[in-house]
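For reference, each letter of the sequence shown is one residue, going 11 to 938 in my numbering. Working notes for the structure below.
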Amino acid sequence: MYCSTCGAKAPANAKFCSSCGQATDSDPGTTLMDHDGGFEGETIAPPAPTPRKPPSTPASSRNPRSTPVSNPLTSSDPIGGGRFTPGQILAERYRVVALVGRGGMGEVFRTEDLTLGQIVAMKFLPERLSQDAAALEQFHAEVRNARQVSHPNVCRVFDIGESDGSLFLTMEYVDGEDLASVVRRIGRLSPDKATEIARQICAGLAAAHERGVIHGDLKPANVMLDGAGKIRITDFGLEGVAASIKGEEGRAGTPAYMAPEQLAGKEVTPKSDIYSLGLVLYEILTGKRAFEASTLQELVRLRESGTITNPSMLVRDLDPLIERVILRCLETDPGKRPASALQVAAALPGGDPLAAALAAGETPSPEMVAAAGATEGMKPRLALGLLALTIVGLIGYFFVAEAFRLSNKGVLENPPEVLAARARDILAQLGYPEEPADSAYSFSLATDERVKYIREHDKTPTRWNVLAADRPAPVVFWYRQSPREMRALGFYSSGGAGRVTQFDPPMDVVGMVQVAVDMRGRLVHFEAVPPQRDPPAADAPSPNWSALFSAAGLDPAWFHSAAPEWTPLAWGDARAAWTGSFPEQKDLPVRIEAAAYRGKLLYFDTFYPWTKPGRSTPYAPALSQKIWNVVLCLLLFSVLIGGVLVARRNLRLGRVDGRGAFRLGSFIFVVFLTMWALRAHHIASLDEIDLFIIALSWGLLGAASVALLYLALEPYVRRKEPQTLISWSRLLAGKFRDPLVGRDLLVGSLYGVALALFETSDNFLLPVLGKLPPTPNIGLTESLLGVRAALGLLLAYVSGWTLDALGVFFVLFLLRLALRKEWLAAIAVVILFSAPNLGDEYPIVAFVFSAVIWLSILLVLKRFGLLVLVTALVMQNVLILFPVTAHLSRWYAASAMTGLTFFAALAFFGFHTSRAGKSIFSGAVLDN
């Protein structure tokens, strides 16, 4: 160590300086440092004795209320000695007032800045140390690091300079005393005062840690308390930036206030300051040090053993919450300490109970999570701004959809009711005029294979214009009727929705017929089931093939006869085929096949170059598809099995929010059954019970899956990032009008609009990059069936995306356990879910687009939580898959407006509730 009077080097156990004869300072709070920044000795002095009385000075030279202190920055009397005398001018700018202190880094003088007319503190290196390269390097490092921090609770560093060969540092002069002096003078602080000071220390530390600066020598002597009761943390930067501190350099500091890892010479982190903070809090609250040791070995042993006297044994009326916070800060394992100084501040009495539980190492209860966070509502102007952005985004998306949606290119000419009537007319013309017992209809896309064909054969910018041509139709309307009631038999195909499709139930009842027409009502496909038993009859009439051409709007002159190649499922005793082309598309080969039984038409279909024989095509997926299928199956099984195991463990440990899981599962169950009631093809027979059982099983499966993932995930999230569950917890608690719930609904609506706009931006970006335009979006055809179907789809999105969001969250959780790093898990999720886009026409662009979306999803999930994400994903899908149009007079506008009206109402509801009753305009504005 070094003599505090002359700066000469002295042995660690010396009682007097061999150079000047002055007594050495053996206070355990003294910073010990050799030329290399390490410890010079292992002996730790005993507890501080009664402070020596300072030299007497005239009463007129000091404030009678000031108290002698040991900190370099103090308003106490001038200390005897020092290299400069009062009145001396330094660096042609600073006039010395008094020597106010000495420390491990040198002397500190109170000076007057003659240029600015302010009192500043000047810190000098000892004369001998100023010639040491290592000391100079440390001095510059201290200044660089300290200047990064600007906070009311951190002593400001101004500049660095040189005077007569001596380096100095100018800093804020604090008119007060340090906490070490306060504790020696009054014994200990009251809990209220100590808590107030602790909050300020935490605020200063948090500001420094945010800039990557670690104190490394936090102790009562480095915390100044001014006359207004405000504290300043001094000597910041001794330990340097967190990323650059390792090994021996991390041992610089005061052993009595070092963290165990710092004593061991290991890496110093912000949690090392948290440990020192715990020691400071312990001392100012109890008046004693947490660890009393006479040697370094004894101190290390005490730290490693964790032997400590609980503060409540020294201060009887100490708040148990304060004690838990202190003991949490003094954990030997840095991972068990509070994550930040702000968590410590929030955990103190009067702080955030949520942060208090986290800082105490506890998992906050669901009720605590619901009670935490903001309750006063958003600022009205901010809420209004979010609502305005949402509305502007919706309007913008309307025009984007009008420009690029295939459904707005004139391909949807007639509503389903008109096309159903046309289909029945065609059946009557083809010899099926019977009134059916049941019927069903919907739309389907006829573009999948055609899109692949166009991509392979047309590389012009206008290649997608053919999809809006008169025919072949990109969207067809199919109509089915049956002499019996039709019950959907597929348990998996419709996901329990109970919808009749083109293939469910199968065409296996005599008299069943199916017709597909284009949007102008022209026949595209026809099939009927012939009689199962037909008695012998006279010669059957010739099939009326011309009726098929007439229903299809085709002129037989455009085609010539050919040998049949495509076999219908229903047997016919007469078959015919024709080849040709449409007049408007001479270069497009068209093939027509037909069949009849005993003169009655039972089959008609149209084939194009891209048509493939679906019944005979072998299953031969690409390698990438096989890999993705395997990955998807592994993910599903991992989520299922992992969810069961983690949920079981949480149940055993009593960590789960059972009430929340039950409410969430019940919500999904009710939503699914309501969706089924709207989408299913209901029948007036006992078979309806079978449909209900299927729906019941799917609903219970969905509810159980959501509840399982919730039980597995919620305790983990509640412990690590409970703020992401606050609004969700309040919603599950029935607090629908809570301001935070309203805020998340509003933010989710805005984010959903942003996602939809970004997803359609490839229409602008690809041409700019010199690429061909992307495939036009058609949307989901079921949404064209009207308000009832649109509401059913909306509810399907709510239940489906809630489950999917929880699933993604759980995949992130599993990957975090496997990779040990949250950022690595996030990257893995982004890559995993963006990889399927590598099969796109432009794989790199598609992958980047998808990666940006998934990255934003993870960021929103971490920042806002589950409610915002589910709201956004549902709204995005409504915008992308519903037939959005700017022309509200079109017949399908009502379907699109169903979903958009719901979300507009949701956004307005979120705007209203997020303000918590605050007026948008103040009374003064209204008066003006």
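Just so it is clear, CB atoms sit at the ideal spot from N, CA and C, and this is done for glycine as well. In this text the structure is predicted, and so the values were computed from the model without any measurement.
Supposed contact pair residue j and residue i - C-beta distance, whole angstroms, cut 8 Å
i	j	result
Leu-533	Phe-614	7 Å
Leu-683	Gly-709	5 Å
Asn-320	Ile-243	About 27 Å separates the two Cβ atoms, so there is no contact after all.
Trp-686	Gly-508	6 Å
Val-839	Trp-811	With a Cβ gap of about 16 Å, Val-839 and Trp-811 do not count as contacting.
Val-939	Phe-487	No statement about residue 939 is possible, as the shown extent of the chain runs from 11 to 938 and does not include it.
Ala-945	Ala-156	The chain is shown only over 11 to 938; residue 945 falls outside these bounds and no answer can be derived.
Ala-717	Gly-675	4 Å
Leu-564	Ala-604	Actually they do not touch by this definition, with Cβ atoms about 12 Å apart.
Leu-612	Ala-538	4 Å
Leu-273	Arg-313	6 Å
Phe-301	Ile-318	7 Å
Leu-437	Val-523	6 Å
Exposure label - residue i; buried when at least 16 CB within 10 Å
i	result
Ile-332	buried
Gln-542	exposed
Cys-643	exposed
Phe-409	exposed
Trp-738	buried
Tyr-629	exposed
Gly-97	exposed
Gly-789	buried
Asp-748	buried
C-beta neighbour in chain D for residue i, strict 8 Å
i	result
Phe-94	Although the question refers to chain D, the structure presented lacks it and comprises just one protein chain.
Residue i: first and last residue of the uninterrupted beta strand (DSSP E) it sits in
i	result
Met-181	176–182
Val-402	Note, Val-402: premise wrong, no beta strand (DSSP E); alpha helix (DSSP H) at 390–414.
Asp-458	Per DSSP, Asp-458 belongs to no beta strand (DSSP E); it is in the alpha helix (DSSP H), 458–467.
Thr-121	116–123
Ala-538	533–538
Glu-603	595–607
Gly-653	Where Gly-653 is concerned, there is no enclosing beta strand (DSSP E), although the alpha helix (DSSP H) it sits in stretches over 633–663.
Nearest neighbour of residue i, chosen from the options [CA to CA]
i	options	result
Glu-495	Ala-507, Leu-805 and Pro-516	Pro-516
Asp-174	Val-223, Val-600, Leu-100 and Leu-646	Leu-100
Ser-492	Phe-501, Tyr-807, Asp-514 and Gln-886	Asp-514
Arg-497	Arg-665, Pro-359 and Ala-690	Ala-690
Ile-930	Asp-236, Arg-166, Leu-177 and Met-388	Met-388
Ala-547	Ile-678, Pro-599, Asp-597 and Arg-608	Arg-608
Gly-360	Asp-772, Phe-536, Pro-201 and Phe-746	Pro-201
Ala-836	Trp-555, Ser-866, Ala-856 and Ala-231	Ser-866
Ala-764	Val-862, Val-107, Glu-308 and Ile-788	Val-862
Arg-530	Val-193, Leu-422 and Glu-459	Leu-422
Val-335	Leu-287, Ile-841 and Ala-303	Leu-287
Asp-227	Tyr-902, Tyr-618, Leu-824 and Lys-281	Lys-281
Arg-198	Pro-553, Gly-297 and Gly-111	Gly-297
Pro-348	Phe-820, Ala-430, Arg-729 and Pro-786	Arg-729
Leu-869	Gly-758, Ala-799 and Ala-896	Gly-758
Ser-860	Thr-770, Thr-908 and Leu-663	Thr-770
Phe-774	Arg-669, Val-797, Ala-218 and Ala-411	Ala-411
Trp-638	Val-523, Ala-218, Leu-848 and Val-778	Leu-848
Val-290	Val-233, Ser-304, Glu-308 and Val-278	Val-233
Ala-586	Thr-616, Pro-599, Ala-561 and Asp-597	Thr-616
Residue range of the alpha helix (DSSP H) that includes residue i
i	result
Phe-301	Unbroken run through Phe-301: none, as it is neither H nor E.
Met-907	903–924
Pro-493	It is not in any alpha helix (DSSP H) - Pro-493 carries neither H nor E in the DSSP assignment.
Lys-872	853–873
Nonlocal neighbours in the same chain, by C-beta distance under 8 Å from residue i, ignoring five residues either side
i	result
Pro-330	Ser-322
Ser-70	Its pLDDT being 32, under 50, Ser-70 is placed unreliably by the model, and nothing is read from it.
Ala-915	none
Leu-295	Arg-198, Leu-199, Pro-201, Ala-204, Pro-321, Val-325, Leu-328, Ile-332 and Ile-336
7 Å CB neighbourhood of residue i in its chain, flanking five on each side removed
i	result
Val-79	Only weak support exists for where Val-79 lies, its pLDDT of 39 falling under 50; the value from the coordinates is given anyway. Within the same chain, Val-79 has close Cβ partners Ser-86, Glu-187, Asp-188 and Ser-191.
Ala-815	Leu-876, Leu-879, Val-880 and Leu-883
Trp-588	Phe-569, His-570, Ser-571, Ala-572 and Ile-602
Thr-577	none
Tyr-726	Phe-823
Residues near residue i in its chain [Cβ-Cβ closer than 6 Å; skip 5 each side]
i	result
Leu-760	Leu-396, Leu-399 and Thr-400
Arg-753	Met-388 and Ser-924
Phe-134	Gly-116, Glu-117, Ser-176 and Phe-178
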